[in-house]
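Quick note, the sequences are listed as chains A and B, same order. Residues 1 to 469 (the working numbering) make up the first sequence, in order. Residues 1 to 1157 (the working numbering) make up the second sequence, in order. Reading through the structure tokens given below for one structure.
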Amino acid sequence: MKKGIKKITAFMMLALAFGSCSKYLDINESPNGAVEPPISGLLAHSTYATAYTTFDVSNITSYYAQYLASSGPGSDLDTYNDIDASSTWSYIYDAMTDMNRMRGIAISKNLAAYVAVADILTAYNLSITTNLWGDIPYSEAFQGVTNFLPKYDDQKTIYDSCLLLLNRSITTLGDPSLDGQIPASADFIHGGNIAAWVKTAYLIKARLLNEISKQPEYDPAAVLAALANSYTSNDDDAQVTQFDGNGPWVQVAYNNSVLLLDGWLSAYFVNATNETIYGNYDPRLPAITDPTESGDYQGTVNGAGRTGSGTSHGECYLMLDKWYSIPGSPLQIATYVEAKFMESEAQFRSGNKTEAYAAYLDGITANMKKLNLADSSITRYTTLPSVAVGAANLTLALIMKEKYIGCFLMPVTWDDMRRIDYAYPDFTLPVDSHLPSFIRRVNYPAVEISTNGANVPNVELTDHLWWDK
Amino acid sequence: MKIALMLPGILFSGLLLFARAPIQDLRKTIIPFEINHASLKQAFQKIETATHLYFSFKTNDVLRYVDINYSSPGISVEKLLNDLLAGTDLGYQQLENNIIIKKNVLQISAPALMQADLSVLDFEGGIRGKVTNEKGEPIAGASVSVEGHVNGVAADVNGSFTINGLKAGKYHVHVSAVGYVMETQEVTLTENGNAEIYFQLKLSANNLSDVVVTALGISRSVRSLGYSSQEISAKELTQAHQNNFLNSLQGRVAGMTISSAGGGPGQGVSVVIRGVNSLNPGKSNEPLYVVDGIPVDNGSSTMTLGTTGARGVQMANRVSDINPDDIESVNILRGGAATALYGLRGANGVIVITTKYAKAGKLVVNYNASYSIDQGDKFPEVQGTYTQGYEGEYTPDSFWPDWGPTIPDAKLIDPTHPDKLYDQYKHAYVTGNQFRNTLSLQGGNDKASLSGSISYFDQNGVLPFTYYKNISTRLSGRWTFSDQLSAGADVLFTHTNGNFYDADRFNEEMSYWAPRWDVRDYINPDGTEKQYPAYNGNAWYKAKTNQFISDVYHTIASGYATYKPLTWFTATYRFGVDQFSDNRSATAPGPQGLPGEVIDEDNAYGFVGKYNINNRSVNSNLLLTFDHTFGKFQTTLRVGNDLLDQQTETVSTRGDTLDVYNLFLLSNAKKITTATNSLTQYRIVGLYGELPVNYDQFLYLSVTGRNDWTSTLEAANRSFFYSSASLGWIFTQNINNLPKWLTYGKFRTSLAGIGKDAAPYSTSTVYIPMQNDPNNPTQPINGQIQWTLDNRGGVSNLKPEYTTTFELGTDLSFIDNRIALNFTWYKSNSKDQIIPVATSPTSGFTSLTLNAGEIQNSGIEVTINAKPVLTRDFNWTVGLNFSHNTNEVISLYQGLQEIVVGSQFGYSRSSVTMKYIPGESVGDIFGTPISRYYAKPDTDPLHVNKSLPVLIGDDGFPELEPETNQKILGNAYPKWIAGIANTLTYKNFSLYFLFDGHFDVQKYDQLNNFMAAFGIAKYTENRNTSITFQGVHEDGTPNVNNPVYLGQGVGPDGKDYGAGYYRNRYRGASENFVEDASFIKLRTLSLTYNLEQKWLNKTFIKAASVGFTGINLWMHTNYVGFDPESSSSPANSNLNGLAGFTYPALKSYLFSLNVTF
């Protein structure tokens, strides 16, 4: 009996030995990631992802700006129905979270250039986000489990925050000792060139100041002052050219080539460049697409869908051998062309028509050069009576028309459209529009309503954003 | 030498008063033996005095053998008996320490002969008797014991038994046998007197064995349980002849939803017991599978290496590696009290699988073969009138497969057009087959026994080029070293190999395929893809060339040792390893560069991918058992320790753009697009205890407690305790004056808690390289790796979640057990659920694992077993079960509106989403409804009131709600499940048939959405008619005399209807495609014939049977797509409401042969 008790006790001890070994259970640090990543890796992703945030936003605004049209009839996007841009929203905030974390690590390691670039990229991404949705989370964003129901900041606060971030970055990057801090390979936008980042910061600042043209605080002189420190040629452009596989617009053209219909040009854009609206052919059109099987350029009317079967070349679309969608083509984030048209607009609004006209022509020329057009084509176009109207006859509409073509596929165009209340010649509502008037904003995405519903403002698609009022 | 070895053993057993005498091995029991001119009976008596053996025989049998002479200084009893019986017509059989002498040709005694038999028995003192069933047939092997005495005996083949060596007094004799109710009789013995007893045992209620395997392999009598338990025997399993044994459980178990995702070769099966318990959309609600005491991973990784679609859906789950022929029994443990000892891993119920093990006896060899012919059981109905084209115009080079003119019209333009269209889907599938061969052996003696089996299974799928093969072997040994020590070991090894093509992709391609062309004509002589002028991918070519092969080696090995040093103390230690490696490869050839060759969009430039999963789980379990009896209280205390150590490692590499177009080497790929690996480790240690108390065999109380320590929570929250209590009261034993027809009645109730931990790494936050970003994998550019914060954020202070289950039930049997009824009501609540909650991306994470939300399940389960006819030649038994479960999401985390589980594409705006909303049910499917009158302003944003009239728009067509106003259109979990199984036996024939059904269940039929969009569905044949839709206009006026044209283009009224009703309107309403997926199936029909024993007597064959089984021979359903059970989600997914295109379920005609040697 005693022996038995001893045996039992021994078994119990053995059992407890298993149960009490706490080191045995200390295995819950994930081996499938790094607690602290290389900061250059975060920069690489922040710059690379900004190409995609731009593309994702553009893939919405390009339909509202009628650069593109859906090949099927009545698509929600074309016809101003509610859309769910959850993936775009998620992708942008995912990218901004990495910028936010990069900033934190950079501060702790005293890497000022990284802090500044994180701020510039954040300002840019906030600006394209707020221009779709208006009020968005920022001051309470990126806090993880401490606050996963962040409140929304009003758009003016967002604009002010962006300007603050940009001004601070410009100051920081003025320190010449920062040169070389950012490795070229980790910077997909400017290859580690600090001076180029300063120019980009000024360009985005100019854009923000320009976009408030409807507001009383609008100051064209401030726009011009910012532009003075910004880009001086196409070489300064903020753009991404290296991609893993196809760049985003290249992928669109590829998908279309394998019958996943996408990247169809809107009838409005085609008509604006094929003499239908302005009476002259724009030499940039053949750089963007090929004529249809009937030998002419035809776009698809937004909302109406294609007229052909979809498998024949009855309409124009982005193509794999054209400038915007050829493998290796750049994804443009901010350009010298845009800077020139902003300059033209600011000078125009300041009453300086001569300077406005010069910038207008420079913008056209720079854009055509970027698209590798022959000088003869450029000269022919820039001397057309309808284009070379002379400083005295320059109108805001003409500047905006050229900016529309020069900033093809860029999100800023839809901002311009709302600022000038869609005053583009012949610009009409899509077929079967769900709204009685032009669309002014995007509804909040389902992901946000589902996960942060209490904070999401109630909006209508006809509501004007703060700067659009 | 041998005697010297035996002696200590005998002495030791003698010292232990209550130990039962060791069973003597006749070969090893050596005795000196000398007799002269003695009778056989005297010889037996002499052996009895020299050994611990007892002889029983009929005096008449041995009477004539006299005058025997024999002399040996030492001879084994075995040899001695053989010598003594040589030349007689007698043989012997050892049953424990009883030697039963019997005539070599056995006559089954008829009950009428019973008394006569006994009268001729020669009594030598003690108790003798006979055990029969209700029909009077002997129950061989019935266990007979005398209360207060150690030596139990087993009845012989005639059902007879003898217990000698009893002093005068009163005795209680207990007789029990598997499948029968235990019976006790009292006898009084005088000094040297004899007593005769006749036991006629009743079949136990449920026709189940009296003893069931419960948690941790503990066998407990059914009567002692305070919770419901259901066992399915090997016989019942094999009747169904399903390759995956889980399919054999369909329709048989109350409270268990079993759905095959489809009939793909080796395809997994989804099992949910008593509803979904977890709100975590990514968490499996599968029960725990325990094979021979070892929990087995039933994971089914769906990683498909970037091959198209959800090919992982077809993957096998790992318990299907178990050969159904190897299974002895399957026990289903439902509810907290039943599974408490398994701890958190048993929270979704436990399926305890016991494989066959050898019993002492002669070598038995069994051969089993089956062959089946398989077809898809149901194909969607397609229209056969309109051919390729659009707006009624014949365009053989257009994409549109079915919007063209009628066949005669097309033939006028194209004389090569066939007279009939191919039946799009049906024609794409072939006849499959399955072939299984199993050879098993078992044998041994009371010291050691061994059994083993080997089986080969080969299936060719009904989807062309898909196959699944497996070789499985099993070895199982049992050893008894002494009275104190015994041990056993089981090893299962399986190698499977299968090619899984994506049925979703296949059927999608078939939806684009113009049925004017033959899809089976798929390949050119040079091996390139053959298509018709409008390039549409050929589904057959893709299935042939785009391969995804999974090659799995799976081993489950376990061993145990039981040590019983004291009569009241037993220690059992069990150790097991479950290991599998799944080596998957995805390959497709690139273009050959031939002129005119089309690059297949799925194969692109050719690719090769390798994906290896290595998974191993180690289990250790120590169980100490203490028995004690205090007066009328009988108790057993069990305490134990349980440990699980699990590790999964995956490596994945994929390259594309092949240099040599059909050489599938990674080094032949110009680009490596994926190169990742990951590791997951999980450990849990538990201490548990169970104390069942039995008062006077009618009141049973059991309490359990368990503490777990998990590796997945922070140290402060790592340890958690939970407990359960259950009570069973057999009221028929102590309430008098109950009606006579109530044979047995038990009331049971239980309350149980179960704590649960988190998934590994839920508490840690890391940065990952972009190559590992599941949504957006990005390879390094110029050597620069991009890093991103993982979207899944860890939360350090997670605490365990807690589930409480309350259960009430009764087991009743009536009219001498002819009818048995089990009824259970249960309710379970899971609180503080650990859920990866989808969070606002603005927080920096799209998912944070939080303690969030509560879910409640409640329901009833009923099983009824009846034996309407029981005669000597003809028997009929019926088993009926049904169950009902309701489920409610009680709450979510404060501020959280919903949890999205997932969604599936639908054309126009008909995409559907499954999500959880407080107050609603798990499994709800949200989609775009058809607008209804008075529904604006909408007072109920979640539900559709289908009784309201449909709102007809100004255009005369039904209006649809906007996509932003999605409502609940159905629920993917059946509210009712029922099954009815009948077994009819007539002499050697046995007929079995099982109907089962799921009721009040809906699924999103994505295939139907496509069939509407492309004019494939049968109902689109009315496209060239004009009708007036029923409903009302916005102003409330009925829509009358307002015909609209359903077709495309300009209608008879001159209006342009564009793409037509089906494309413009019908396909945009999810409501049209969230369909009633209720069904009734004739799941199994099986006819077996056992060969007449007399034909086999002179052969080496002991028994043989042949059978035919039909699976899914008949079904009633309103569902439009393939089988209503099918799903496009993998077997353990919670997205089962999305049916996609799915693999058809199988209708099988199976022939089987079973021979025992």
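From the three backbone atoms N, C-alpha and C, an ideal C-beta is built for every residue, glycine too.
query	result
Distance between residue 211 of chain A and residue 418 of chain A (C-alpha atoms, nearest Å)	10 Å
Pick from A:352, A:416, A:423 and A:182 that is closest to residue 221 of chain A, judged by C-alpha positions	A:352
Residue-chain proximity (residue 246 of chain A, chain B), Cβ-Cβ < 7 Å	no
Proximal residues, the region 467-479 of chain B versus chain A, C-beta separation under 9 Å	none
Span of the alpha helix (DSSP H), counted from its first residue to its last, around residue 1014 of chain B	Looking at the DSSP string, residue 1014 of chain B is not in any alpha helix (DSSP H), and its letter there is neither H nor E.
Extent of the continuous alpha helix (DSSP H) to which residue 286 of chain A belongs	285-288
Interface residues of the region 33-44 of chain A facing chain B [CB-CB below 7 Å]	33, 34, 35, 37, 38, 41, 42 and 44
CA nearest to the CA of residue 1014 of chain B, picked from B:593, B:595 and B:390	B:390
Interfacial residues, the region 128-139 of chain A to chain B, with Cβ spacing under 8 Å	136 and 137
Whole-angstrom distance between residue 157 of chain B and residue 117 of chain B, CA atom to CA atom	Here the model assigns residue 117 of chain B a pLDDT of 40, short of 50, so the residue's position is not dependable and the matter cannot be decided.
Reference residue 1101 of chain B, options B:235, B:367 and B:1056, closest by Cα	B:367
Any chain B beta carbon closer than 7 Å to residue 124 of chain A	no
Proximal residues of chain B, C-beta to C-beta of residue 27 of chain A below 7 Å	681, 683 and 711
Within-7 Å CB hit, residue 59 of chain A to chain B	no
Sheet register partners of residue 577 of chain B (DSSP bridge)	B:557 and B:618
Anticipated Cβ contact below 8 Å, residue 653 of chain B with residue 692 of chain B, distance rounded	Residue 653 of chain B to residue 692 of chain B, Cβ: 54 Å. No contact.
Cutoff 8 Å; reference residue 203 of chain A; Cβ partners in own chain excluding five residues on either side	226, 227, 230, 231, 238, 334, 338 and 339
Cβ pair count under 8 Å reaching 3, the region 39-53 of chain A against the region 124-133 of chain A	yes
7 Å CB neighbourhood of residue 346 of chain A in its chain, flanking five on each side removed	210, 220, 223 and 224
Under the three-state DSSP convention, the category residue 286 of chain B falls into	coil
Length at least 3, wholly inside the region 210-276 of chain A: the beta strand (DSSP E) runs in chain order	238-240
Enclosing beta strand (DSSP E) for residue 186 of chain B [first to last residue]	183-189
Contact with chain B by residue 412 of chain A, beta-carbon distance below 7 Å	no
Whole-angstrom distance between residue 256 of chain A and residue 89 of chain A, CA atom to CA atom	25 Å
Residue 408 of chain A, DSSP secondary structure in three states	coil
Proximal chain B residues relative to residue 141 of chain A, where beta-carbon distance stays under 8 Å	842, 843 and 844
Range of the contiguous alpha helix (DSSP H) that encloses residue 748 of chain B	That residue, residue 748 of chain B, is in no alpha helix (DSSP H); its beta strand (DSSP E) goes 742-756.
Closer than 6 Å: residue 720 of chain B CB and nearest the ligand ZN heavy atom	Ligands are entirely absent from the displayed structure, and the ligand ZN is therefore not among its contents.
Beta-carbon separation (whole angstroms), residue 919 of chain B vs residue 849 of chain B, contact threshold 8 Å	Residue 919 of chain B to residue 849 of chain B, Cβ: 24 Å. No contact.
Residue(s) in a DSSP beta bridge with residue 774 of chain B	Partner(s): none; residue 774 of chain B has no beta bridge.
Reduced DSSP category for residue 378 of chain B - H, G, I as helix; E, B as strand; rest coil	coil
Test: residue 185 of chain A CB closer than 7 Å to a CB of chain B	yes
Same chain, Cβ closer than 7 Å to residue 287 of chain B, neighbours up to 5 away in sequence not counted	271, 273, 348, 349, 350 and 351
Residue(s) in a DSSP beta bridge with residue 369 of chain B	B:437 and B:1153
Enclosing alpha helix (DSSP H) for residue 692 of chain B [first to last residue]	Premise fails: residue 692 of chain B lies in the beta strand (DSSP E), 669-695, not in any alpha helix (DSSP H).
Residues, ordered as in the chain, of the region 598-618 of chain B that lie near chain A by beta-carbon distance below 8 Å	601
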